[in-house]
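For reference, the structure is listed below as structure tokens.
2 protein chains.
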Amino acid sequence: MYIRKIEEDQDCGLYLAMKVLGGKWKCCILDAINKGITRPSEIARSVQEASTRVIEMQLAELLAYGVVDKYAEEDVFPKKSEYRLTGLGESLLPILSQIDQWGMQNAQLIKEKSTELQGAE
Amino acid sequence: MYIRKIEEDQDCGLYLAMKVLGGKWKCCILDAINKGITRPSEIARSVQEASTRVIEMQLAELLAYGVVDKYAEEDVFPKKSEYRLTGLGESLLPILSQIDQWGMQNAQLIKEKSTELQGAE
DNA sequence: ACAATAACCGATAAAAGATTCGGTATGGGA
DNA sequence: TCCCATACCGAATCTTTTATCGGTTATTGT
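Top to bottom, those sequences are chains R and P. Taking the numbering used here, the leading residue of the first sequence gets 12, the next gets one more, and so forth. Taking the numbering used here, the leading residue of the second sequence gets 12, the next gets one more, and so forth.
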């Protein structure tokens, strides 16, 4: 079992929110589910850069935080699971789309500066 | 010089935005600056959990991304620097406060689930 | 019998991020 | 002279996150 060593800032709403949607692929997963891509294997195919293991792990986290719900049919072939947004998850959508818009609007600048920060130094 | 090894998702606005404000203390720093706490030493004191080195590094990143501007007076004692939000930085404020609100509204749940995720398993 | 598909998990390796420690430079005050 | 404050940087180290690999279970088709 993994035990966190560095103290967190549990009074900062931003910090708390980032715990829920801060993972590298969470936004892509939420976006996929919102678009109707609900099965793990489908999500994995739709994101492709991310391995199925990562999708599984992040889905598990989203599930734990109550942002998505899971509907599984184990006694069917092939096994079938679907993940859907909960009310809490839906309450995140407008915020996510705002951040996404900001990112897209400033994409050019961010990409440039980002390259500078790691490129020539 | 450091070279990133894992490919990024440069078409996801959310992912890009997170590059700018994803650091552990960026939100606290932006909040401080917005409140008029503009000097590095003051910011460091106002955040206290974070070391001055961290503040310096994250300020440098925010500066590189054009979210803040720097006004330095080197020929003064003691040396004086001030960081202020740029237009781009200010355009982030409403978004930040929305995320913060969401986080505060769901603070109880997030804290509980967060504890479960690392605590008993 | 064997390959294929779906979902999932555990252990470990690799990468990224945060922290600590020491150092630079300037000039004021005890 | 020595110590303080301010701002800043480099490098080593520690922590956290992400990726990779192999394994499990169950069922269908070849």
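Backbone N, C-alpha and C define an ideal beta-carbon position, used for all residues, glycine too.
Checklist entry - Which residues in chain R sit within 8 Å of Gln-112(P), going by Cβ to Cβ distance? => result Against the second sequence, residue 112(P) aligns to sequence position 101. Against chain R, a Cβ distance below 8 Å from Gln-112(P) picks out Gly-24.
Next on the checklist: Using CA atoms only, rank isn't needed, just tell me which of Asp-20(R), Glu-18(R), Ile-40(R) and Gly-24(R) is closest to Leu-25(P).
Outcome noted: For the purposes of this step, residue 25(P) is taken as residue 14 along the second sequence, with counting starting at 1. Distances from the alpha-carbon of Leu-25(P) to those of Asp-20(R), Glu-18(R), Ile-40(R) and Gly-24(R) put Ile-40(R) closest.
Item to check | Where Leu-99(P) meets chain R, residues with beta-carbon distance less than 9 Å | outcome: On the second sequence, position 88 is the one that residue 99(P) refers to. Within chain R, the residues near Leu-99(P) are Asn-117 and Leu-120.
Item to check | Chain-ordered neighbours of Glu-60(P) on chain R, where CB pairs are closer than 8 Å | outcome: Locating residue 60(P) in the second sequence gives position 49, counting from the first residue. Those are Glu-18 and Asp-20, listed as they occur along chain R.
Next on the checklist: Can you tell me which residues form a DSSP beta bridge with Ala-83(P)?
Outcome noted: Position 72 of the second sequence, counted from the first residue, corresponds to residue 83(P). Ala-83(P) is bridged to Ser-92(P).
Checklist entry - Would you say Ala-28(R) reaches chain P, if we count a Cβ-Cβ gap shorter than 8 Å as a contact? => result As a first step, residue 28(R) is located in the first sequence; it is residue number 17 there, counting from the start. Closer than 8 Å: yes.
Next on the checklist: Looking only at its chain, what residues have a beta carbon closer than 8 Å to the beta carbon of Glu-93(P), apart from the 5 residues adjacent to it on each side?
Outcome noted: Mapped onto the second sequence, residue 93(P) falls at position 82. These residues qualify, in order along the chain: Thr-49, Arg-50, Lys-81, Tyr-82 and Ala-83.
Checklist entry - According to DSSP, is Asn-45(P) helix, strand or coil? => result For the purposes of this step, residue 45(P) is taken as the residue at position 34 of the second sequence. Look at Asn-45(P) here: in three-state DSSP terms it is helix.
Checklist entry - Run through DSSP, which three-state label would Ile-17(R) get? => result Numbered from its first residue, the first sequence carries residue 17(R) at position 6. In the structure shown, Ile-17(R) sits in coil (DSSP, three-state: anything other than H, G, I, E or B).
Item to check | Gly-77(R) - DSSP class collapsed to helix/strand/coil | outcome: As a first step, residue 77(R) is located in the first sequence; it is residue number 66 there, counting from the start. Gly-77(R): coil per DSSP, three-state reduction.
Checklist entry - Any idea what DSSP makes of Glu-132(R), helix, strand or coil? => result Working through the first sequence from its first residue, we reach residue 132(R) at position 121. Low confidence applies here, because Glu-132(R) scores a pLDDT of 37, under 50, leaving its location unreliable; read the following figure in that light. In the structure shown, Glu-132(R) adopts coil according to DSSP, grouped into three states.
Checklist entry - Shorter than 8 Å from the beta carbon of Ala-83(R) to some beta carbon of chain P? => result Residue mapping note: residue 83(R) aligns to position 72 of the first sequence, counting from 1. Not an interface residue.
Checklist entry - At a Cβ cut of 8 Å, what residues of the stretch 65-84 of chain P count as close to chain R, listed as they run along the chain? => result For the stretch 65-84 of chain P, the set of residues with a beta-carbon nearer than 8 Å to any beta-carbon of chain R comprises Glu-72, Ala-75, Tyr-76 and Gly-77, in chain order.
Item to check | Straight-line gap, Val-78(P) to Lys-91(R) (C-alpha atoms, nearest Å) | outcome: Counting from 1 along the second sequence, the entry for residue 78(P) is found at position 67. Counting from 1 along the first sequence, the entry for residue 91(R) is found at position 80. In this structure, the CA atom of Val-78(P) is about 45 Å from the CA atom of Lys-91(R).
Checklist entry - Within 8 Å (strictly less), CB to CB, does Lys-46(R) reach chain P? => result Numbered from 1 along the first sequence, position 35 holds the residue referred to as residue 46(R). Interface residue (Cβ-Cβ distance to chain P less than 8 Å): Lys-46(R) is not classified as such.
Checklist entry - From Phe-88(R) to Ile-66(R), what distance separates their C-alpha atoms? => result Taking the first residue of the first sequence as position 1, residue 88(R) is located at position 77. Taking the first residue of the first sequence as position 1, residue 66(R) is located at position 55. About 21 Å.
Item to check | Spatial neighbours of Glu-132(P) in its chain, beta-carbon cut-off 8 Å, leaving aside the 5 residues before and after | outcome: Walking along the second sequence from the start, residue 132(P) turns up at place 121. The pLDDT assigned to Glu-132(P) is 37, lower than 50, so where the model puts this residue is not dependable; a value taken from the coordinates is nonetheless given after this. Residues of the same chain with a CB within less than 8 Å of the CB of Glu-132(P), apart from the 5 flanking positions on each side, do not exist.
Item to check | Exposure label - Glu-72(P); buried when at least 16 CB within 10 Å | outcome: Residue 72(P) sits at position 61 when you count from the first residue of the second sequence. Counting Cβ neighbours within 10 Å, Glu-72(P) comes out buried, since at least 16 surround it.
Checklist entry - CB-CB under 6 Å to Asp-20(R), same chain, minus the five flanking residues each way: which ones, in chain order? => result Translated into positions along the first sequence, residue 20(R) becomes position 9. Once the five neighbours on either side are set aside, the close Cβ partners of Asp-20(R) are Tyr-26.
Item to check | Beta-carbon gap between Ile-44(P) and Leu-96(P) smaller than 8 Å | outcome: To locate residue 44(P), count along the second sequence from 1; it is residue 33. To locate residue 96(P), count along the second sequence from 1; it is residue 85. It is a contact, given that the beta carbons lie within the stated cut-off.
Checklist entry - Hey, does Ile-106(P) have any beta-carbon neighbour from chain R nearer than 8 Å? => result Your numbering for residue 106(P) matches position 95 in the second sequence. With respect to chain R, the C-beta atom of Ile-106(P) has a partner C-beta closer than 8 Å.
Item to check | Anticipated Cβ contact below 8 Å, Ile-121(P) with Lys-30(R), distance rounded | outcome: Along the second sequence, read from residue 1 onward, the residue named residue 121(P) stands at position 110. Along the first sequence, read from residue 1 onward, the residue named residue 30(R) stands at position 19. 6 Å between Cβ atoms; contact.
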